[in-house]
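Before any comments, here is the structure.
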Amino acid sequence: MYAEKSEKNAKAFNCVQRGHQNIVENIPSFVGLFFPSALYRPQVATAAGLVRILGFVVYMRGYSSGDPQKRMQGAFGHFALLVNVGLSVEAAHAGHPVVEVIRVSAT
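Following this line, the structure appears as structure tokens:
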């Protein structure tokens with residue numbers, strides 16, 4: 009999965025590979041929170057989703073530069089994830105039908 013340290017571009021490849029893996033690991037939480045919030049408040053959820061995706065892009069550009077510290081530039085995308093968490097909690101608290109659909113399908 010990672011390049012051997014003896015290979016020519018190992019550090020650059022490994023930075024891109026690790027950044028990619030990190031984004032793939034974060035996709036389920038992003039999608040899982042985005043769908044209920046998008047059904048409840050589509051405009052706000054879409055704006056937050058676009059900010060989250062932009063955060064992924066900035067994160068990946070920084071991480072793939074070869075300097076892993078630059079990945080922190082994409083941290084603003086996590087705030088958008090918190091917006092979707094808040095919208096999902098708000099939908100559950102309001103008794104929105106999307107919450108009932110998720111409850112029924114989970115059982």
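For the sequence shown, the working numbering gives the first residue as 9, with consecutive numbering after it.
We put the CB at the ideal spot given by N, CA and C, even for glycine.
Residues Ile31, Asn34, Gly82, Gly85 of the same chain have their beta carbon placed closer than 8 Å to that of phenylalanine 64, with the five preceding and five following residues left out of the count. Contact annotation: valine 91 and valine 52 have beta-carbon atoms nearer than 8 Å. The Cβ atoms of glycine 27 and arginine 79 sit closer than 8 Å to each other. Here the stretch 36-50 lies against the stretch 91-101, with 3 or more beta-carbon pairs under 8 Å apart. The alpha helix (DSSP H) runs lying completely inside the stretch 38-114 and spanning 4 residues or more are 50-71, 85-102, 105-114, given in chain order.
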